[in-house]
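Novice: As you go down the protein sequences, you meet chains L and Z in turn. Going by the numbering used here, the residue at position 18 of the first sequence is 25; the numbering climbs one at a time, nothing skipped. Going by the numbering used here, the residue at position 169 of the second sequence is 176; the numbering climbs one at a time, nothing skipped. Yeah, the Cβ is synthetic: ideal placement off N, Cα and C, and Gly gets one too.
Number of protein chains: 2
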Amino acid sequence: MKNLDTNTENKILESAKKVFIEKGYDGARMQEIADLAGINKALLHYYYRSKDKLFKNVFEQTLQSFFPIIAEIILSNKPLLERIKLFIDKYIDILIENPIIPLFIANEVAKNPLIIKDMLIPDIDNLFSGLNDMIDDEVSKGNIKKVDIKQLILNIISLCIFPFISQSIAKMIFNYSDEEYKELMLSRKNEIYSLILAWLKP
Amino acid sequence: MKNLDTNTENKILESAKKVFIEKGYDGARMQEIADLAGINKALLHYYYRSKDKLFKNVFEQTLQSFFPIIAEIILSNKPLLERIKLFIDKYIDILIENPIIPLFIANEVAKNPLIIKDMLIPDIDNLFSGLNDMIDDEVSKGNIKKVDIKQLILNIISLCIFPFISQSIAKMIFNYSDEEYKELMLSRKNEIYSLILAWLKP
DNA sequence: GTCTATAACTCGATAGAC
DNA sequence: GTCTATCGAGTTATAGAC
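1) Counting only the same chain and skipping the five closest in sequence on each side, list residues whose C-beta sits under 6 Å from that of I2(Z).
2) For K92(L), collect the residues of the same chain with a Cβ closer than 6 Å to its Cβ; drop the 5 residues on either side in sequence, then sort them by chain order.
3) By alpha-carbon positions, which one of E190(Z), M126(Z) and N114(Z) ends up nearest to S175(L)?
4) Check whether the Cβ atoms of L161(L) and P170(Z) sit closer than 9 Å, and answer yes or no.
5) Is there a C-beta anywhere in chain Z that falls below 9 Å from the one on R195(L)?
6) So is L202(Z) buried or exposed if we call it buried at 16+ other beta carbons inside 10 Å?
7) Which chain Z residues are close to P120(L), counting only those with a beta carbon under 9 Å from its beta carbon?
8) Which residue marks the beginning of the alpha helix (DSSP H) containing R90(Z), and which one marks its end?
9) Is the shortest distance between the beta-carbon of M8(L) and the beta-carbons of chain Z less than 9 Å?
10) Flag this pair as touching only if the region 131–148 of chain Z and the region 73–92 of chain Z have three or more C-beta atom pairs under 8 Å; answer yes or no.
11) Out of L82(L), I156(L), S173(L) and G34(L), which has the shortest C-alpha to C-alpha gap to I107(L)?
12) Would you say L102(Z) and M37(Z) are within 9 Å of each other, going by their C-beta atoms?
13) Could you tell me which of L121(L), E187(L), K152(L) and Y32(L) sits nearest to A205(L), measuring between CA atoms?
14) Compute the Euclidean distance between the alpha carbons of S57(L) and K63(L), then round it to the nearest angstrom.
15) Can you pull the chain Z neighbours of N162(L), defined as C-beta to C-beta under 7 Å?
16) Closest to T15(Z) by C-alpha separation, out of L43(Z), Y183(Z) and S184(Z), would be which residue?
17) Anything in chain Z within Cβ reach of N114(L), meaning under 7 Å, just list it in chain order.
18) Distance, Cα to Cα, N10(L) vs S22(L)?
19) Report the rounded CA-to-CA distance for I77(Z) versus Y32(L), giving the unit in angstroms.
20) Between the Cα of I180(L) and the Cα atoms of P129(Z), N197(Z) and L207(Z), which residue gives the shortest distance?
21) Whole angstroms is fine: what's the gap from A35(Z)'s alpha carbon to P209(L)'s?
22) If you draw a straight line from the alpha carbon of Q158(Z) to that of K48(L), how long is it in whole angstroms?
23) Quick check: is the beta carbon of P129(L) nearer than 9 Å to any beta carbon in chain Z?
24) For Y55(L), is the classification buried or exposed, using 16 other Cβ atoms within 10 angstroms of its Cβ as the cut-off for buried?
25) In whole angstroms, what is the alpha-carbon distance linking D100(Z) and L20(L)?
26) Got a sec: is the Cβ-Cβ distance from L191(L) to anything in chain Z below 9 Å?
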């Protein structure tokens with residue numbers, strides 16, 4: 008059906024994604040995107056009127072390739088601790104495949120917070136209160152101690168993402184190769200889970 | 008003695024710091040720095056030959072205003088757990104005062120890892136082996152369980168820094184004002200410590 | 001749709017007067 | 001030391017031929 012997506016338009020988007028994510032909006036050059044796509048600058052403007060519009064496309068698509076996978080796990084009907092375990096495992100895997108995307112997103116949102124305004128999960132308040140109910144439920148069963156949902160989320164996300172954001176520094180400090188750092192990240196799956204688990208123990 | 012530091016040269020550096028940290032190297036404009044310093048572009052080049060050299064000055068000074076405070080705590084001769092507690096408290100305080108610096112550093116280092124090459128702590132290997140000995144010591148005393156020093160460092164740093172890197176997103180998701188977010192960060196001091204403590208329990 | 005050529009503009013850097 | 005004026009390279013965006 009959408010076989011035409013393999014054509015110029017999609018090739019541009021893929022190239023733009025690569026360049027924007029690597030260099031950021033300010034550092035990216037339309038010429039470089041054109042070169043990578045094997046076309047010339049004029050065509051970029053033919054398909055996406057401006058650098059700004061091309062960027063917004065890239066940003067939105069990047070974000071949307073991340074959230075659904077996460078949402079699926081969060082919204083599954085597994086027990087809380089199992090969901091947390093699944094989330095950590097899956098998230099680390101995604102980050103190993105896309106190590107520089109978190110920095111890209113953090114950076115662009117910091118420079119222009121409004122860019123994300125319309126892209127967030129619509130009923131996020133429901134999501135939070137749902138998770139809160141789950142926590143209360145587990146607490147009443149004596150499975151975990153009571154914690155603030157916001158701190159729980161911040162803790163898990165921080166432990167998963169930050170080592171990727173800081174990886175260029177961390178690799179230098181630890182004197183690690185790419186492969187060694189990847190191994191360290193893989194071993195974090197269990198470390199992070201045991202950390203959260205220990206904290207949640209009643 | 009260096010009363011002249013209050014003069015143009017220092018005013019330039021302060022303005023440059025502000026603009027570079029906020030916009031990043033690529034997004035920063037010499038014109039904006041000049042305007043903020045109340046001078047004109049030509050004078051920037053008179054004091055710091057190029058944008059690049061001005062940036063390197065800013066970056067180095069920013070980094071050096073961060074590391075010594077941290078190093079002081081890490082190298083103090085307090086017991087391990089006390090050092091960790093002090094580190095978290097002090098670090099969160101610094102980050103509340105300078106919330107956007109971590110993103111700035113992560114970003115610029117990611118784009119050019121070599122920039123940090125000469126600025127790292129010289130005998131970092133000694134630092135690690137020293138900390139490792141401390142861990143082993145506490146383990147043998149039965150105070151904590153054995154953990155990997157790299158994971159410990161990553162965990163603590165992640166928990167402290169990431170909420171600031173992601174603060175523009177987090178404030179939106181949590182629907183928090185600046186003040187509310189600051190309160191959340193302050194309350195994290197104890198949360199992070201109890202998290203690490205629970206993990207380290209033998 | 002795709003290209004070449006170029007307009008229009010931004011920005012870092014310099015020349016030269018004071 | 002500080003300023004005004006301007007150069008020249010690089011960048012986004014468009015015009016117009018094919």
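Specialist: Here's the rundown:
1) The requested residue 2(Z) is not part of the displayed model; chain Z covers only 8 to 209.
2) Y200
3) N114(Z)
4) yes
5) yes
6) buried
7) S175, I176, K178 and M179
8) L87 to E104
9) Legend: pLDDT at M8(L) = 37, less than 50; position of this residue unreliable, no value from coordinates given.
10) yes
11) S173(L)
12) no
13) K152(L)
14) 10 Å
15) L166 and L202
16) L43(Z)
17) L110 and N114
18) For N10(L), the pLDDT reaches just 49, beneath the cut-off of 50, and the residue's location in the model is therefore unreliable, although a value from the coordinates is still provided. Rounded to whole angstroms, N10(L) to S22(L) spans 18 Å at the Cα level.
19) 33 Å
20) P129(Z)
21) 50 Å
22) 46 Å
23) no
24) buried
25) 42 Å
26) yes
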